[in-house]
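Each residue of the sequence shown is one higher than the last, beginning at 1 in UniProt numbering.
A virtual CB, placed ideally from N, CA and C, is assigned to each residue, including glycine.
These numbers come from a predicted model, not from an experiment.
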Amino acid sequence: MSTIREVIDVDRTPEDVYAYVTDPSHLPEWQLSAVATEVLDEGPIHPGSRVRVTRRIGAREIPMTVEFTELDPPHSWGLHGIEGPVRARAHGEIEPLDDGRRSRVTIELDFEGHGLGRALVPLVVRPQMRKELPRDEQLLKDLLERTGG
């Protein structure tokens, strides 16, 4: 497996960044392939919470279910795919900069294919995400710095 890793500095506090990136409703705002999200469990997001994310992969829109595996505010979060042909494993970390006035955001992604996904991961998903993740992080930065999250 080949982890995709990107880092960007954001002129917002770790708390602001963390609140934004761990809110599933914001995914389509800053992740280019995310079309829609639906939280599948009641209550606030916690380890074990499941979210259905519909992503555009190539020319197709594919629903996937992910589960939060880690939530350590405002430092890190983790997700892994539990359903769908392409199952992502994502880990994010937020490091405070300038006495906590700014943040360094690191996101790592890896993928596992099931069924049709076995062909999609190496042929479409990895190449698409290698291009998309830097743009996603730039979009995240732009949104948070412009709108205040």
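Going by DSSP, which residues form a beta bridge with residue i?
i           : result
residue 105 : 8 and 94
residue 112 : 87
residue 79  : 68 and 90
How many angstroms separate the CA atom of residue i from the CA atom of residue j?
i           : j           : result
residue 121 : residue 81  : 13 Å
residue 20  : residue 83  : 24 Å
residue 115 : residue 108 : 24 Å
residue 63  : residue 144 : 27 Å
residue 131 : residue 106 : 16 Å
residue 75  : residue 139 : 20 Å
How close, in whole Å, do the beta carbons of residue i and residue j come, if the pair is a contact with beta carbons under 8 Å?
i         : j          : result
residue 9 : residue 97 : 6 Å
With respect to the beta strand (DSSP E) encompassing residue i, which residues constitute its N-terminal and C-terminal limits?
i          : result
residue 36 : 34 to 39
residue 63 : 60 to 72
residue 54 : 50 to 57
With distances taken between CB atoms, is the gap from residue i to residue j smaller than 8 Å?
i          : j           : result
residue 86 : residue 117 : yes
residue 36 : residue 54  : yes
residue 24 : residue 7   : no
Would you say the beta carbon of residue i comes nearer than 7 Å to a heavy atom of the ligand ADP?
i           : result
residue 139 : In the structure on display, the ligand ADP does not appear, and there are no ligands present to speak of.
Starting from residue i, trace the alpha helix (DSSP H) both ways and give me its first and last residue.
i          : result
residue 28 : 27 to 30
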